[in-house]
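Here is the structure we will look at.
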Amino acid sequence: MATVNLSDYKPLHISNAEDFSIGIVFSEWNDFVTYNLRDAALEILEKEGVKKENIKLYSVPGAFELNYASMQLCKERKFDAVISIGCVIRGETPHFDFVCSAVAQGIKDCNILTDTPTIFCVLTDDTKEQSIARSGGDLGNKGVEAAVTALRMIDFKKNLSEKKGDIGFGK
């Protein structure tokens, strides 16, 4: 269980964030959670300087469909990052395990098969209460973390290309 409020972050102050282009794919399933995650991510991106017109939203029916939509956005190569937002809550059948595993693998594939950082913002909770706690409840909002991660990965990629591979790890 998370012990930190996910909404606590320090402003990043990334230069030229206004030029960043970000695609957000969100699941309509469990929308009482996913819409909160989406809205928190949007708020942070705009607060950090990303222009509203540079953020594109795409909805899909469920978490399983995040893979296809995210991969299509990555293949278009018009986004600096893609954020995939979903929520899977454990039920009485193994369906939960299959969906969670497939979505995690699909988002991983976006990251290794394309040049676009794809951020995994899929809650995989045992209960509705846990999902609520992580989407604006007691534990903050995982959408904040997803937005911060997207910005940091865009910055990482831009710095990597500018420095021709020397990013100074351990310095």
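Using the working numbering, you'd call the opening residue of the sequence shown number 786 and step up by one each time.
Quick reminder that beta carbons are idealized off the backbone N, C-alpha and C, glycines included.
As the structure is a prediction and not an experimental result, all values here were calculated from the model.
So, at 7 Å on beta carbons, what are the nonlocal neighbours of residue i in its own chain, with the 5 sequence-adjacent residues on each side left out?
i, result
"lysine 837", "Glu831"
To which residues of the same chain is residue i closer than 8 Å at the C-beta, ignoring the five residues directly before and after it?
i, result
"glycine 955", "Note on glycine 955: pLDDT 43, under 50, position unreliable in the model; the coordinate value appears next. Same-chain partners within the cutoff: there are none."
"glycine 871", "Phe811, Ser812, Trp814, Asn815, Thr819, Gly847, Ala848, Leu851, Val888, Cys906, Val907 and Leu908"
If you follow the alpha helix (DSSP H) that residue i is part of, which residue opens it and which one closes it?
i, result
"lysine 836", "First-last for lysine 836: undefined, no H or E at that position."
"threonine 934", "927 to 947"
Consult DSSP for residue i and reduce its assignment to one of helix, strand or coil.
i, result
"isoleucine 868", "strand"
"isoleucine 904", "strand"
"aspartate 923", "coil"
"isoleucine 892", "helix"
"leucine 827", "helix"
"aspartate 910", "strand"
Could you round the C-beta distance between residue i and residue j to whole angstroms and report it? I think they count as a contact, below 8 Å.
i, j, result
"isoleucine 829", "alanine 932", "4 Å"
"alanine 802", "glutamate 850", "29 Å between Cβ atoms; not a contact."
"aspartate 940", "isoleucine 799", "5 Å"
"leucine 822", "asparagine 926", "7 Å"
"lysine 957", "isoleucine 874", "Residue 957 is absent from the model: the chain starts at 786 and stops at 956."
For chain C, check one thing: does any of its Cβ atoms lie closer than 8 Å to the Cβ of residue i?
i, result
"asparagine 944", "Chain labels in this structure do not include chain C; a single protein chain is all it has."
For residue i, report the span of its beta strand (DSSP E) as first-last.
i, result
"phenylalanine 811", "807 to 812"
Return the chain-ordered list of same chain residues with a C-beta closer than 6 Å to the C-beta of residue i, the five sequence neighbours on each side being excluded.
i, result
"proline 902", "Ala866 and Met938"
Please determine if the region 859 to 877 and the region 794 to 811 are in contact, where contact requires at least 3 C-beta pairs separated by less than 8 Å.
yes
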